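Below is one structure, written out as structure tokens; the observations come after it.
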Amino acid sequence: MANRPSSDYPDIGTLGEDLVTQWLESTGWLILHRRWNCRWGEIDIIAQRKDNSGTVILIFVEVKTRSTGNWDAGGRMAIAQQKQVKLSRTAAMFLATFPEKADYPCRFDVAIVCCERKITNTNSLASFSARGLYLTLQEYIPAAFEYLIDN
Numbered sequence: 202m203a204n205r206p207s208s209d210y211p212d213i214g215t216l217g218e219d220l221v222t223q224w225l226e227s228t229g230w231l232i233l234h235r236r237w238n239c240r241w242g243e244i245d246i247i248a249q250r251k252d253n254s255g256t257v258i259l260i261f262v263e264v265k266t267r268s269t270g271n272w273d274a275g276g277r278m279a280i281a282q283q284k285q286v287k288l289s290r291t292a293a294m295f296l297a298t299f300p301e302k303a304d305y306p307c308r309f310d311v312a313i314v315c316c317e318r319k320i321t322n323t324n325s326l327a328s329f330s331a332r333g334l335y336l337t338l339q340e341y342i343p344a345a346f347e348y349l350i351d352n
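Quick note on the working numbering: the sequence shown kicks off at 202 and runs consecutively.
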């Protein structure tokens, strides 16, 4: 039996980002960019909103979408220090490109999304199905790491 072409398989990374984007919007965040990239790398989602005091907060969100039983703890292990530095550099380039946002408090969040062929977990922050797959936002980690630039 021949393998199906890769175009027959959905991009679960994009589907995971879609889910997280919808969830962020439903909780009051304004999505500024998706897959913003520069020479240093890519940030999956950049969003902003005002906190209770009226201060605008900017978030850089890394989305990790994995199938059940993956080797890297749902994507958590993929956010090692090297990845954090890369995201920090990319965020610095974003702030340099949009200097009007450079004074906003910023944080780096991580969203863990599980992708399955059938529904097995109904205890999640958000979920949806697409093309025979069920995606659930398992965990959202605000301020998952600090701004890092290696010297």
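Even glycine gets a Cβ: it sits at the ideal position worked out from N, Cα and C.
In this text, all values refer to a predicted model and were calculated from it rather than measured experimentally.
1. Is the separation between the beta-carbon of Thr355 and that of Ile232 shorter than 8 Å?
2. Compute the Euclidean distance between the alpha carbons of Pro206 and Thr215, then round it to the nearest angstrom.
3. Kindly give me the distance between the Cβ atoms of Leu225 and Ile246, rounded to whole angstroms, as I take these residues to be in contact under 8 Å.
4. Quick one, are the C-beta atoms of Gly217 and Val314 less than 8 Å apart?
5. State the Cα-Cα distance for the pair Gln339 and Ser268, rounded to the nearest angstrom.
6. Using a Cβ-Cβ cut-off of 8 Å (strictly less than) and excluding sequence neighbours within five positions of Lys287, which residues of its own chain qualify?
7. What is the C-beta distance between Ala327 and Gln249, in whole angstroms, given that I count them as a contact (C-beta under 8 Å)?
8. Which ranges would you report for the beta strand (DSSP E) in the segment 229-290 if only whole runs of at least 3 residues count?
9. Determine the contact status of Leu296 and Ile213, defining contact as a CB-CB distance below 8 Å.
10. Measuring CA to CA, which of Asp252, Ser227, Arg308 is closest to Glu263?
11. Taking all protein chains shown into account, do 16 or more other C-beta atoms lie within 10 angstroms of the C-beta of Lys251, making it buried, or fewer, making it exposed?
12. Measuring straight from C-alpha to C-alpha, what distance separates Val257 and Tyr305?
13. For Ala312, count the other beta carbons within 10 Å of its own beta carbon; 16 or more makes it buried, fewer makes it exposed. Which is it?
The relevant details are as follows:
1. Given a span of 202 to 352 for the chain in the structure shown, any question on residue 355 remains unanswerable.
2. Legend: pLDDT at Pro206 = 43, less than 50; position of this residue unreliable, no value from coordinates given.
3. Yes, Leu225 and Ile246 are in contact; Cβ-Cβ is about 7 Å, under 8 Å.
4. Contact: yes.
5. Approximately 12 Å, taken between the alpha carbons.
6. Only Trp241, Gly242 meet the Cβ criterion.
7. Going by Cβ atoms, the distance from Ala327 to Gln249 rounds to 20 Å, so no, they are not a contact pair.
8. Here the runs fully enclosed are 231-239, 242-251, 257-268.
9. Contact flag unset, no.
10. Measuring from the Cα of Glu263, the nearest candidate turns out to be Arg308.
11. Counting of Cβ neighbours within 10 angstroms places Lys251 among the exposed residues, the total staying below 16.
12. The alpha-carbon atoms of Val257 and Tyr305 are separated by roughly 6 Å.
13. Taking all protein chains shown into account, Ala312 has 16 or more neighbouring C-beta atoms within 10 Å of its C-beta and is therefore buried.
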